[in-house]
Each structure stands twice: as structure tokens, then as C-alpha cells.
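Notes to accompany the following structure.
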Amino acid sequence: MNDRRSPTPGMTGWLSRYEPLLLVMFAALSGGILLFVYLTGEVIEGSTKSVDEAILLALRQPSDLATPIGPGWLTHAVKDITSLGGTTVLTLMTVLVTIYLLLDRRRAIAIFVLGSVLGGWALSTVLKLGVARARPDIVPHLVEVNDLSFPSGHAMVSAVTYLTLAALISGTRPYRSTRIFIIAAGILLTLMIGMSRVYLGVHYPSDVLGGWCAGASWALGCWIVARRFISLSRGTVEPTPANHPPLE
Numbered sequence: 065m066n067d068r069r070s071p072t073p074g075m076t077g078w079l080s081r082y083e084p085l086l087l088v089m090f091a092a093l094s095g096g097i098l099l100f101v102y103l104t105g106e107v108i109e110g111s112t113k114s115v116d117e118a119i120l121l122a123l124r125q126p127s128d129l130a131t132p133i134g135p136g137w138l139t140h141a142v143k144d145i146t147s148l149g150g151t152t153v154l155t156l157m158t159v160l161v162t163i164y165l166l167l168d169r170r171r172a173i174a175i176f177v178l179g180s181v182l183g184g185w186a187l188s189t190v191l192k193l194g195v196a197r198a199r200p201d202i203v204p205h206l207v208e209v210n211d212l213s214f215p216s217g218h219a220m221v222s223a224v225t226y227l228t229l230a231a232l233i234s235g236t237r238p239y240r241s242t243r244i245f246i247i248a249a250g251i252l253l254t255l256m257i258g259m260s261r262v263y264l265g266v267h268y269p270s271d272v273l274g275g276w277c278a279g280a281s282w283a284l285g286c287w288i289v290a291r292r293f294i295s296l297s298r299g300t301v302e303p304t305p306a307n308h309p310p311l312e
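The sequence shown begins at 65 in my numbering and counts up one residue at a time.
Structure follows, in C-alpha cells:
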């Protein structure tokens with residue numbers, strides 16, 4: 065007697081529906097990690113220094129390197145934007161979202177969100193210490209900094225926080241338009257914060273690119289884990305029942 069069990073129709077439908085998406089996400093995750101590893105090697109060897117310095121100089125007035133290009137109000141706006149990637153704002157954002165999810169009876173996803181963000185922050189610190197790249201000194205800094213340069217903490221931690229929150233929170237929303245908006249907002253904030261660090265002269269462009277790669281890879285990895293093991297619509301840690309496929 066053949067004891068093989070054929071997959072249930074519901075499970076087969078789930079696999080055919082989501083396996084291609086997961087494969088694409090795994091490929092993107094692998095690509096992000098490989099790009100970060102390659103960029104780290106280039107930074108350690110000093111191969112990016114000439115391009116980095118050229119970009120920093122291009123963003124300053126040739127007659128006065130302490131003055132960035134553009135109108136005066138732009139510098140104030142960029143300083144406001146860069147504060148969105150600071151520890152205070154990101155901590156407040158993470159705590160508020162975690163509390164919201166707990167109040168919304170999504171305990172599992174709330175705990176996962178908090179753990180994902182804290183883990184990404186810890187990884188950023190480890191990577192900085194591992195590479196130990198000094199801050200750029202070719203132009204004056206427009207904001208105070210006192211830690212290492214690669215990868216950019218603001219770029220990476222904002223990617224970790226905003227992209228992780230966006231990816232996981234969007235999974236709890238029933239409408240596609242809402243999910244797209246949440247993801248787009250997370251990406252926009254991450255890009256703006258990273259670029260602000262270069263404009264302010266406190267990071268090389270390669271620092272920011274490395275932070276984006278590492279942070280986005282971490283957020284994507286968290287999304288894959290959550291998609292597989294957490295039911296975002298109910299907030300319980302369990303495989304999704306075959307007859308109740310998860311929200312797209």
C-alpha cells in the first residue's frame with residue numbers, strides 16, 4: 065500500500081501562489097548581501113575614495129567648502145530630514161508601532177517587529193566596528209558626528225527600521241493601495257535620510273550605499289521570515305492554514 069500523501073489542494077494553491085514571490089525575494093536578498101560584501105572590500109582597499117571625495121566636493125561651493133550648494137533653506141530642510149534617521153526618532157517610532165500592534169491584538173508581529181529592529185541596530189554597530197572607517201574630512205561637517213563611517217548608521221538603521229516596519233505593517237492591511245503606499249513611504253524616507261548624510265558632509269556616498277544594502281537586506285530577510293512563519297492578519301506564530309491563504 066502506498067503511504068505517500070499528496071498535498072492538499074489548499075497547500076498546493078498556496079505554494080503556486082507564493083513560491084515565485086519568495087524565490088524573487090531570496091534572489092534580491094542574496095544580491096543585496098553580495099553587493100554589500102563587494103562594496104565593503106572596495107572601501108577597505110580604498111578604491112572608492114576618489115569618487116567619494118569628488119561627490120562631496122561637488123556638493124559644496126568651490127570658494128567656500130563650508131557652504132553647500134543650493135539655497136539656504138535647503139540646508140535647514142536637510143538637517144530636519146536627517147533627524148528622522150536619528151536614534152531618538154527611530155526609537156520613538158519603533159516603540160509606538162509596537163504598542164499599536166499590541167493594542168491591535170497582534171502580539172506575535174509586535175514582538176517580531178521589535179526584535180527585527182533591535183537586531184538590525186546591533187548589526188549596524190558590529191559592521192561599523194569591523195570596518196572602522198574614519199569620517200570624511202575633505203569638507204566641513206554641517207552636523208556633529210562622533211562615531212565611525214562605514215556603513216552609514218543613519219542609512220542602515222533607517223532602512224532597517226522604516227523598511228521592516230513598512231513591510232510587516234503593510235501585511236496587516238487588507239487593501240493593496242494601502243500596502244503600496246506604506247512600502248513607498250518607507251523607501252522614500254530611507255532614500256532621503258541616506259542622501260542627507262552625504263549632503264551634510266558626514267558620510268561618503270559609499271557609506272550610504274553600504275548602509276542601504278545592509279539595511280534593506282536585513283529588512284527583506286525579516287519580511288521573508290515573517291511571511292513564512294507569522295500570520296500577519298492575526299499576529300499568531302504558526303503556519304498559515306491551507307484553506308486560509310495569507311493576505312497579498
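Glycine included, every Cβ here is placed at the ideal spot set by N, Cα and C.
These figures come from a predicted structure and were not determined experimentally.
Taking the C-beta atoms as reference points, Ala-223 is found nearer than 7 Å to Trp-276.
In terms of Cβ geometry, Arg-170 and Ser-216 do not form a close pair [threshold 7 Å]. Residue environment for Val-190: exposed (fewer than 16 other C-beta atoms within 10 angstroms of its C-beta).
Cα atoms of Trp-287 and Ala-248: separation of roughly 15 Å, rounded to the nearest angstrom. Distance between Tyr-226 and Ser-213, taken at the CA atoms: about 21 Å.
Proximity to Tyr-268 across Tyr-164, Gly-105, Arg-199 and Gly-150 peaks at Arg-199, based on C-alpha coordinates. In chain order, Ala-174 place their CB closer than 6 Å to the CB of Leu-166, counting only its own chain and leaving out the 5 sequence neighbours on each side. Separation of Gly-150 and Ser-188 (C-alpha to C-alpha, rounded to the nearest whole angstrom) is 13 Å.
Excluding five sequence positions before and after Tyr-263, the CB atoms of its chain that fall closer than 7 Å to its own CB belong to Leu-123, Pro-132 and Val-142, given in chain order. In the three-state reduction of the DSSP assignment, Arg-197 falls in the coil class, being assigned neither a helical nor a strand state.
If you check the CB distance, Ser-270 and Asp-116 come in under 7 Å.
Annotated three-state conformation of Pro-132 is strand, per DSSP. Rounded to whole angstroms, the separation of the alpha carbons of Thr-228 and Ala-283 is 5 Å.
Between Gly-194 and the set Phe-293, Leu-232, Arg-292 and Val-107, the nearest pair of CA atoms involves Val-107. For Ile-247, the uninterrupted alpha helix (DSSP H) segment begins and ends at 240 to 263. In this structure Thr-158 touches Val-181 by the C-beta definition: roughly 5 Å separates them, less than 8 Å. In its chain, beyond the 5 residues on either side, Val-153 have a beta carbon closer than 7 Å to the beta carbon of Ser-147.
A distance of 7 Å or more separates the beta carbons of Val-266 and Ala-219. With 16 or more other Cβ atoms from the protein chains shown falling within 10 Å of its own Cβ, Ala-231 counts as buried. Cβ-Cβ separation between Lys-192 and Asp-168: approximately 35 Å, too far for a contact (criterion under 8 Å).
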